[in-house]
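Comments concern the structure below.
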Amino acid sequence: MDKDELIKGLKWAHPLLNRTPPPDYEEQCGRDFNLEQGTSYEGFVPLLIFRLYQSSFAIETKCLNKIIEQKQVFALPHNNNPELLGLINFDGQIKALFSLHRVMQLSEEGIDHKIPLVDEMPRMISLESDKDFWIFPVDEILGIFPCQSDKIINGTDDQTSLLKGLIKWGDYTSVALIDEEALCRYLRESVA
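In case it helps, this note's numbering puts the sequence shown at residues 2 to 193.
Next up, the structure:
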């Protein structure tokens, strides 16, 4: 298969993959990936793995509310918080949009945005914590994967750290596991 045939095939697949899921799809996925409801994945933690610039991160799905397409961002005048990107319309409500890139202190240095690593499909992820929603744009969603609890290499005991540890994903990639409770607490304090 040559490059043109591959591109033609990808263009055909794009609408298929971006179609609206069946009504029971989200409920079924929630049952499949929510360990709190008692699945047969004993000893496994379901993780959403995503990319920010060239770094891979993961977060437990128990706090995941939604994955949505990029939305229009409305800038806030006189915003002096570099981590707060602006406001978006999220399910008919106005919600704050944060830069996880800046929260995690990732640098754009050396990143060529004209050459994507893969066929990028930027998305936003919404986390829910104590009835608050924390929304971030991400460069790419890599998927939801079960991870054995004992494969998580614990991070620091530093109370200010936003990471729980590292995960070896595949043969070569280390994925930073974000501590969702610490992240939500940090954001709550940053906007207070």
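For each residue, glycine too, the CB sits at the ideal point set by N, CA and C.
Quantities reported herein were computed from a predicted structural model and do not represent experimental measurements.
DSSP state of residue i mapped onto helix, strand, coil
i    : result
E70  : strand
K152 : helix
L107 : coil
A193 : coil
K115 : In this predicted model, K115 has a pLDDT of only 46, less than 50, meaning its place in the structure is not dependable; the value taken from the coordinates is given anyway. In this structure, K115 counts as coil in the three-state DSSP scheme.
A183 : helix
L188 : helix
K169 : strand
L163 : coil
T21  : coil
L178 : strand
G44  : coil
D133 : strand
Between the CA atoms of residue j and residue i - distance to the nearest angstrom
i    : j    : result
T174 : P123 : 21 angstroms
T62  : R52  : 16 angstroms
F45  : E129 : 21 angstroms
T40  : G93  : For T40, the predicted structure reports a pLDDT of 45, less than 50, and the residue's modelled location is therefore unreliable. A value from the coordinates is still provided. So the two alpha carbons sit approximately 33 angstroms from each other.
A97  : L48  : 24 angstroms
C64  : P78  : 30 angstroms
V119 : I89  : Its pLDDT being 46, under 50, V119 is placed unreliably in this model, and the value from its coordinates should be taken loosely. One C-alpha to the other measures close to 27 angstroms.
H114 : Y54  : Bear in mind that the predicted position of H114 carries a pLDDT of just 46, short of 50, making it unreliable; the figure below should be weighed with that in mind. Near 9 angstroms, if we compare the C-alpha coordinates of Y54 and H114.
N66  : I60  : 12 angstroms
L107 : M125 : 17 angstroms
D131 : G171 : 34 angstroms
W135 : T21  : 23 angstroms
Q71  : V139 : 9 angstroms
E37  : N80  : With a pLDDT of 46 at E37, under the threshold of 50, the predicted position of this residue should be treated as unreliable, and no value is reported.
G183 : G166 : The question names Gly, yet the displayed sequence has Ala at residue 183. Cα to Cα, the separation comes out at about 13 angstroms.
Nearest-angstrom Cβ-Cβ length linking residue i and residue j, presumed shorter than 8 angstroms
i    : j    : result
S57  : I50  : 6 angstroms
D133 : R189 : 7 angstroms
I153 : L178 : 6 angstroms
F137 : L164 : About 15 angstroms separates the two Cβ atoms, so there is no contact after all.
S127 : F91  : 7 angstroms
Top-ranked residue by Cα proximity to residue i, from the options
i    : options                : result
E181 : V104, I142, A193, E70  : V104
F146 : N155, I168, S127, P138 : I168
N82  : V176, M125, F99        : F99
Y187 : E70, E84, P24, K72     : E84
V192 : F91, L86, F75          : L86
G144 : N155, G166, V176, S162 : V176
Could you name each continuous alpha helix (DSSP H) segment of 4 residues or more that falls completely within the region 55-105, going from the start of the chain to the end?
-> 101-104
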